[in-house]
Amino acid sequence: MFDFLLDPAQLTDFLSTGLRLSIPLIFAAMGGLVCERSGVFNIALEGQILFGAFGAAVGAYFLGTPTGGLGFALLFGALSGLLLAVLGITLRVNQIVIGIAVILFSTGFTSFMSRVLFPGSGNSLKLQGFGPVAIPYLSDIPVLGPVLFSQDALVYVALLTVVAVYLVLFKTRIGLSIRAIGENPSAADSAGVPVFRLRYACVIAGSTLASLGGAYLVLTQVFLFSDNMSAGKGFIALAAIVLGRWQPQLAFLACLLFGFFDAFQLRLQFNHPEIPFQVFAALPYGVSILALVGLMGQAHPPAAVGRPYDREMR
Amino acid sequence: MQAVPSRISLEGIVKTFGGFRANDDVSIHVAEGSIHAILGENGAGKSTLMNIIYGLYQPDAGRILSRGREVKISNPRQAMALGIGMVHQHFKQVDTMTVTENVVLGLPGRPVLNLAQDRKRIIDLAQELGFDIDPDQPMWSLPIGMQQRVEILKLLYRQADLLILDEPTSVLTPSEIKPFFNLLSRLRSSGRTIVLITHKLDEVMEMADRVTVMRLGRVVANIEASETNSRELARLMVGRDVIFDVTRTPPRIGSPVLEVADLVATDERGLSALNGLSLTVKAGEIVGIAGVDGNGQRELAETIAGLRKASAGTVKICGQVADRLNPAERKRRLRMGFVPEDRQKVGLDLDSDIAFNMVLRSFRLPPFSRHGWVDFAKIKTHAKQLAERYDVRMRGVGQRARDLSGGNQQKIILAREMEDEPELLIVSQPTKGLDVGAIDFVQRTLLAQRDRGTGILYISTELEELLMVADRLAVIFNGRIVGELPVSEATPERLGLLMTGKAA
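Chains as they are written, first to last, in our numbering: chain R, 1 to 314; chain S, 1001 to 1504.
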């Protein structure tokens, strides 16, 4: 069952598949993590991946370039973030309810609009996507070279995002403020941190990041749009945030764990056609449940997450 | 009439919450370089007024002038830009962050943090102020007096020259108050203006240059401190004459209700907090635990209550070993009552209503629950009766505990804990942050309970209070009892020596 790990060609193939499957999770988890660190629950990640995917398809179809697709994906992500922020921060609606609403809305909206805009509802599109970019010299390293340094542009962006989120949160002034408004907004407010503005910024930036996960699916993996193509990735990303205890570097590792398990189960599906594939397809979800059960007790979310801030509340 | 220019002036400030007028046409002028006391009972509107100056609340009417120029303060950032800083009564700190991070938070500057540099400047400033602060400690691990010093340091780090201090001494021990007043004097002589919100008359008489007395949201007097006295201020504040004595009868002492032997326990940081502490409380007496804050008082109360695990030693309540029992079992089976130090976090569920807070101990038992069904009507009637008996001032028992003043919150806890006639009552800093009227009520209630035969362990850092209420005093130092004496033999001097570990 594990003998493929010994063959360099198969190993390379397995590792790149695992990494590729992790990328949407990484974008969504980093986005969600930024929101939650600032004190706003974003369970709408699933819907924002879908918005990103749809935006990418719209942009790439009508403008004919992958960059256009990327632009639209970012726009859709930012708009979904703005919606979330207005409802959750300004109007103080329950953030779980808003998240569910955004997910439901994204499913209906994108399915409907793809039938309106694309011939044959988007399933038969052949969109312009990004191609692999090999980094000279580094991509020649055996096994790791092709896995890490011969990937699509968005893969590099995802990896850089992890580093950027870590640096911003823990090494900058604004990161200190973000962590503070997630723990105790009233203390941060009193210390002069613009709580509302910063939460808006985090939710919009986080949502935009999540939408990149969808853009990646469309522009580098399948080059078409299909209904509900986010397929639970947003929820896995939520699990990765908890498993990573709200630390970007750990959440990143959690995403890799889920991605590699996904690659592993695909391999098992392929090698064991006699067993129903649903058994294997359930594997990553099973792993996420086990991982959460094992670590849940020790994980402390930001203290103020999910609680809208009201300055004059006594 | 004003020789010195005004640092900040409020003119005709009005602020309402719902239908409630917290501030009603308030006008105050604070002179540059002075210590200006705002005196009033809890709920008189002092804190609301200060939150307006600090930009946390917006007034419904009125003007604010900073150095004679009219200003609009919409948020704390604008207040800071005007040199205004505030230390809230309940500190506004991020518990999980370090001292350095808390001080730096919200400051403008280069986008990339240089905490090492800030850390050094914080150490320098702390030294200058005579503060012994470890900038790398997380905030939650600091004793409360230390947290206050961090708050003050935070303001001075931001170059604030108008310091608003909301009930600053309510968290300090007697031995900390003198140095704190010295600090205020030094700040004043360095040209800073201080607004001191308080309900303690002696503080006003000792420190303030000028006093504004508030009652029920209005200013009732604006006077020079040198032209008044405690009695007059008390009358202005409460609106009637106040008698400062508590009458008490000699105790009728019974058998032991609490026997603590060789108790050892650690604090949150794993440092030893109790080092072989032994203590007995008998029925019908009040034993006061005196000591400087942070010498194991909190850990002692929590270990007896069952909230903290002892690593050695035993706790016997009413003759039974309690070590393996959880707090609920100790309360129910061994008839223990517990009034915790932190009434907001440990004592109450702030977001629940008054009625539910009254039955937190017993809502799962008859008569409030039967066969798993809760009888809310009964809980409500019960709460109404208790609220009446304990004089809880509220709009109704459906009001959230969060919206009550500290004194009324404490009354709810007292009512709840004394409801089942406990044999042993642990009370920790029961009057912290309360006004004269509420303190009086709490002390009378506890004395009445003692006369009914309850043994009371009374932990407080307020010496005068202990001398007034306790029958016997035990002095805690470094996690052990270093001296026990009947209250008749206790003098502040003798206690002071014991409290600092200088006499055995």
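C-beta atoms are modelled at their ideal positions from N, C-alpha and C, and glycine is treated no differently.
Note that this is a predicted model, so its numbers are computed, not measured.
Item	Value
Member of S:Ala1490, S:Val1219 and S:Glu1227 whose CA lies at the smallest distance from the CA of Met1237 (chain S)	S:Val1219
Distance between Val162 (chain R) and Gly306 (chain R) (C-alpha atoms, nearest Å)	23 Å
Identified DSSP bridge partners for Ile1064 (chain S)	S:Leu1010 and S:Val1071
Glu46 (chain R) vs Gly234 (chain R) beta-carbon contact at 7 Å	yes
Proximal residues of chain R, C-beta to C-beta of Lys1092 (chain S) below 9 Å	Asn184, Ser186, Ala187, Ala188, Asp189, Ser190 and Ala191
Close-in-space but distant-in-sequence residues of the same chain around Met1001 (chain S) (CB under 8 Å, 5 per side omitted)	Because the pLDDT at Met1001 (chain S) is just 47, under 50, the model does not fix this residue reliably, and the point stays unresolved.
Cα-Cα separation, Ile1194 (chain S) to Gly1062 (chain S)	22 Å
Close-in-space but distant-in-sequence residues of the same chain around Arg1416 (chain S) (CB under 8 Å, 5 per side omitted)	Asn1357, Met1358, Val1359, Leu1360, Arg1361 and Leu1386
Beta bridge counterpart(s) of Thr1198 (chain S) as assigned by DSSP	S:Leu1039
Cβ distance (whole Å) where Gln1159 (chain S) is taken to contact Gly1276 (chain S) below 8 Å	Wrong, their Cβ atoms sit about 48 Å apart, outside the cutoff.
Validate contact between the segment 190 to 208 of chain R and the segment 107 to 123 of chain R using beta carbons, cut 8 Å, 3 pairs	no
Thr65 (chain R) and Gln128 (chain R) closer than 7 Å at C-beta	yes
Start-to-end residues for the alpha helix (DSSP H) that takes in Val1257 (chain S)	From DSSP, Val1257 (chain S) is part of no alpha helix (DSSP H) but of the beta strand (DSSP E) over Pro1256 to Thr1266.
Interface flag, Arg173 (chain R) vs chain S, CB-CB below 7 Å	yes
Option in S:Phe1180, S:Ile1459 and S:Ser1066 with minimal Cα separation from Ile1304 (chain S)	S:Ile1459
Cross-chain neighbours of Pro1076 (chain S) in chain R, by beta carbon under 9 Å	Asp189, Ser190, Ala191, Gly192 and Val193
Contact under 7 Å by Cβ, Ala29 (chain R) with Cys202 (chain R)	no
Spatial neighbours of Arg314 (chain R) in its chain, beta-carbon cut-off 7 Å, leaving aside the 5 residues before and after	For Arg314 (chain R), the predicted model reports a pLDDT of 49, less than 50, meaning its position is unreliable; a value from the coordinates is still stated below. Contacts found: none.
is_contact[Leu176 (chain R), chain S] using C-beta, thresh 7 Å	yes
Touch test, the segment 1094 to 1110 of chain S against the segment 1125 to 1138 of chain S, Cβ-Cβ under 8 Å, three pairs minimum	yes
Alpha-carbon to alpha-carbon, Glu1421 (chain S) and Lys1411 (chain S)	16 Å
Cα-Cα separation between Ala1234 (chain S) and Ala1221 (chain S), rounded to whole angstroms	12 Å
Chain S contact for Phe312 (chain R) (CB, 7 Å cutoff)	The sequence given here has Glu at residue 312 (chain R), not Phe. Cβ-Cβ to chain S under 7 Å: yes for Glu312 (chain R).
Beta-carbon gap between Leu1165 (chain S) and Val1087 (chain S) smaller than 7 Å	yes
Own chain residues within Cβ distance below 7 Å of Leu217 (chain R), not counting five before or after	Pro24, Ala53 and Met229
Through-space distance from Asp1025 (chain S) to Leu1039 (chain S), alpha-carbon basis	17 Å
DSSP-derived helix/strand/coil call for Tyr1054 (chain S)	coil
beta-carbon Leu125 (chain R) near the ligand MG non-hydrogen atom, thresh 6 Å	This structure simply doesn't include the ligand MG, nor any ligand for that matter.
Same chain, Cβ closer than 6 Å to Asp227 (chain R), neighbours up to 5 away in sequence not counted	Ser111
Residues within the segment 1029 to 1058 of chain S neighbouring chain R, beta-carbon criterion of under 7 Å	Leu1056 and Tyr1057
Partner residues on chain S for Ala164 (chain R), Cβ-Cβ distance less than 7 Å	Per Cβ cutoff of 7 Å: no residues; Ala164 (chain R) is ~13 Å from chain S at best.
Buried or exposed (CB count within 10 angstroms, at least 16 for buried), Val293 (chain R)	exposed
CB contact check: Met1394 (chain S) to chain R, cutoff 7 Å	no
7 Å Cβ cutoff met for Gly1145 (chain S) and Leu1172 (chain S)	yes
DSSP beta-bridge partners of Val1374 (chain S)	S:Ser1369
Backbone CA spacing between Phe258 (chain R) and Ser22 (chain R) [nearest angstrom]	7 Å
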